[in-house]
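Asker: Residue numbers (the numbering used here), protein chains in the order written: chain A, 8 to 123; chain B, 411 to 524.
Dropping the structure in here first, questions after.
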Amino acid sequence: AQSVSQHNHHVILSEAASLELGCNYSYGGTVNLFWYVQYPGQHLQLLLKYFSGDPLVKGIKGFEAEFIKSKFSFNLRKPSVQWSDTAEYFCAVYLAGGTSYGKLTFGQGTILTVHP
Amino acid sequence: DTEVTQTPKHLVMGMTNKKSLKCEQHMGHRAMYWYKQKAKKPPELMFVYSYEKLSINESVPSRFSPECPNSSLLNLHLHALQPEDSALYLCASSQNRALTDTQYFGPGTRLTVL
Numbered sequence: 008a009q010s011v012s013q014h015n016h017h018v019i020l021s022e023a024a025s026l027e028l029g030c031n032y033s034y035g036g037t038v039n040l041f042w043y044v045q046y047p048g049q050h051l052q053l054l055l056k057y058f059s060g061d062p063l064v065k066g067i068k069g070f071e072a073e074f075i076k077s078k079f080s081f082n083l084r085k086p087s088v089q090w091s092d093t094a095e096y097f098c099a100v101y102l103a104g105g106t107s108y109g110k111l112t113f114g115q116g117t118i119l120t121v122h123p
Numbered sequence: 411d412t413e414v415t416q417t418p419k420h421l422v423m424g425m426t427n428k429k430s431l432k433c434e435q436h437m438g439h440r441a442m443y444w445y446k447q448k449a450k451k452p453p454e455l456m457f458v459y460s461y462e463k464l465s466i467n468e469s470v471p472s473r474f475s476p477e478c479p480n481s482s483l484l485n486l487h488l489h490a491l492q493p494e495d496s497a498l499y500l501c502a503s504s505q506n507r508a509l510t511d512t513q514y515f516g517p518g519t520r521l522t523v524l
């Protein structure tokens, strides 16, 4: 079965530090990739997504992610984090074809804590 | 407007109770989803409805019964739940089930089973 792995469970940074959150998936077919964010007390929100084309995608709030097909990876980056980026971040994969069509599979999540 | 609403926000029920969770969207989306999220875990898909028909049931116990009465509404009927069913239940919707369709999530219903 397909799976999504996020390398870090909890990341703690100071403001202005750079961020990279790792995401790897195990599926050889066509995938679409997402990063969702869940701020404290709020619902899941889409940060960015990759369907095709330029493997470097830009999302909201200065986030970007790079799809590296050969590494089955979709890492999230931000050059300079802010205290307001404190949240839980989920990588998710949407598969093409088969009986799982329409199934969004999430990674375990990474909690990001940014200290002022 | 990309809003998915869910009611109630919180629900406490006993193991013999029958209750329902409600989800609503007015974005014209034709695919709707139920997810379950346990504490410190990612959301896990339970059901997918497409054009008001059940498309995916991820082997969910029959004590959870979904219903899609129309294209805007999605219900989850609960009966004889167990304490381990306590979780955040999330509803989502998307334009269709196409790979390019983004799923929009509601705030969830936090369910506690006593």
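Every residue gets a Cβ at the ideal spot worked out from N, C-alpha and C, and that includes glycine.
Can you find a C-beta in chain A that's less than 7 Å from the C-beta of P418 of chain B?
Answerer: Translated into the one-based positions of the second sequence, residue 418 of chain B becomes position 8. Chain A contact via Cβ: absent.
Asker: Can M442 of chain B and L484 of chain B be called in contact, C-beta distance under 7 Å?
Answerer: Numbered from its first residue, the second sequence carries residue 442 of chain B at position 32. Numbered from its first residue, the second sequence carries residue 484 of chain B at position 74. Cβ distance < 7 Å, so M442 of chain B and L484 of chain B count as in contact.
Asker: Mind checking the stretch 448-460 of chain B against chain A and listing, in chain order, the residues whose C-beta falls within less than 9 Å of any C-beta there?
Answerer: If the cut-off is 9 Å between Cβ atoms, the stretch 448-460 of chain B has K450, K451, P452, P453, E454, L455, V458 and S460 near chain A.
Asker: Would you say K78 of chain A reaches chain B, if we count a Cβ-Cβ gap shorter than 7 Å as a contact?
Answerer: On the first sequence, position 71 is the one that residue 78 of chain A refers to. Judged by the 7 Å Cβ criterion, K78 of chain A is not in contact with chain B.
Asker: Quick one: grab the DSSP three-state call for S80 of chain A.
Answerer: Counting from 1 along the first sequence, the entry for residue 80 of chain A is found at position 73. Strand at S80 of chain A.
Asker: Run the CB neighbour count on G516 of chain B, radius 10 Å, all protein chains shown included, and call it buried at 16 or more, exposed below.
Answerer: The residue given as residue 516 of chain B occupies position 106 in the second sequence. With 16 or more Cβ atoms within 10 Å of its Cβ, G516 of chain B is classed as buried.
Asker: Could you give the C-beta distance for G34 of chain A and L111 of chain A, rounded to a whole number, given that I count them as a contact under 8 Å?
Answerer: The count along the first sequence starts at 1 and reaches residue 34 of chain A at position 27. The count along the first sequence starts at 1 and reaches residue 111 of chain A at position 104. A small fix is needed here, since residue 34 of chain A is Tyr in this sequence, not Gly. In fact, because the Cβ distance is near 13 Å, the residues do not count as touching under 8 Å.
Asker: CB-CB under 6 Å to Q13 of chain A, same chain, minus the five flanking residues each way: which ones, in chain order?
Answerer: Here residue 13 of chain A is taken as the residue at index 6 of the first sequence, counted from 1. Closer than 6 Å at the Cβ level, and outside the excluded window around Q13 of chain A, lie C30, C98, G114, Q115 and T117.
Asker: Please list the residues of the stretch 433-448 of chain B that have a C-beta atom closer than 7 Å to any C-beta atom in chain A, keeping them in chain order.
Answerer: Cβ contacts with chain A: A441.
Asker: Could you tell me which chain B residues have their CB closer than 7 Å to the CB of L53 of chain A, listed as they occur along the chain?
Answerer: Here residue 53 of chain A refers to the residue found at position 46 when the first sequence is read from its first residue. Going along chain B in sequence order, the residues near L53 of chain A (Cβ under 7 Å) are T512.
Asker: For the beta strand (DSSP E) holding A441 of chain B, just list the boundary residues, first then last.
Answerer: Locating residue 441 of chain B in the second sequence gives position 31, where the first residue counts as 1. Where A441 of chain B is concerned, the enclosing beta strand (DSSP E) stretches over A441 to Q447.
Asker: If you measure beta-carbon to beta-carbon, which residues of the stretch 32-50 of chain A are closer than 7 Å to chain B?
Answerer: Against chain B - using a Cβ distance shorter than 7 Å - the residues of the stretch 32-50 of chain A are N39 and H50.
Asker: Taking 7 Å as the limit between beta carbons, can you name the residues of its chain near P563 of chain B, skipping five residues before and five after?
Answerer: A query on residue 563 of chain B cannot be resolved here, the shown segment of chain B reaching from 411 to 524 and no further.
Asker: Check whether the Cβ atoms of A490 of chain B and R473 of chain B sit closer than 7 Å, and answer yes or no.
Answerer: Walking along the second sequence from the start, residue 490 of chain B turns up at place 80. Walking along the second sequence from the start, residue 473 of chain B turns up at place 63. Yes, they are a contact pair.
Asker: Quick check: the Cα distance between Q49 of chain A and S77 of chain A, rounded to an integer number of angstroms?
Answerer: Position 42 of the first sequence holds residue 49 of chain A. Position 70 of the first sequence holds residue 77 of chain A. Cα-Cα distance, rounded: 35 Å.
Asker: Determine the extent of the beta strand (DSSP E) in which M423 of chain B is found, giving its start and end residues.
Answerer: For the purposes of this step, residue 423 of chain B is taken as the residue at position 13 of the second sequence. Start and end: H420 to M423.
Asker: If you check the beta carbons only, do V44 of chain A and Q52 of chain A fall under 7 Å apart?
Answerer: In the first sequence, residue 44 of chain A corresponds to position 37, counting from 1. In the first sequence, residue 52 of chain A corresponds to position 45, counting from 1. Going by C-beta atoms, V44 of chain A is nearer than 7 Å to Q52 of chain A.
Asker: Below 8 Å on the Cβ atoms is my contact criterion, and I expect E22 of chain A with V88 of chain A to pass it. Report the Cβ-Cβ distance as a whole number of Å.
Answerer: Counting from one through the first sequence, the residue named residue 22 of chain A turns up at place 15. Counting from one through the first sequence, the residue named residue 88 of chain A turns up at place 81. With 8 Å as the limit, E22 of chain A and V88 of chain A qualify as a contact, their Cβ atoms being about 6 Å apart.
Asker: Note down the Cα distance separating T93 of chain A from L119 of chain A, rounded to an integer number of angstroms.
Answerer: The residue labelled residue 93 of chain A in the question sits at position 86 within the first sequence. The residue labelled residue 119 of chain A in the question sits at position 112 within the first sequence. Cα to Cα, T93 of chain A sits roughly 5 Å from L119 of chain A.
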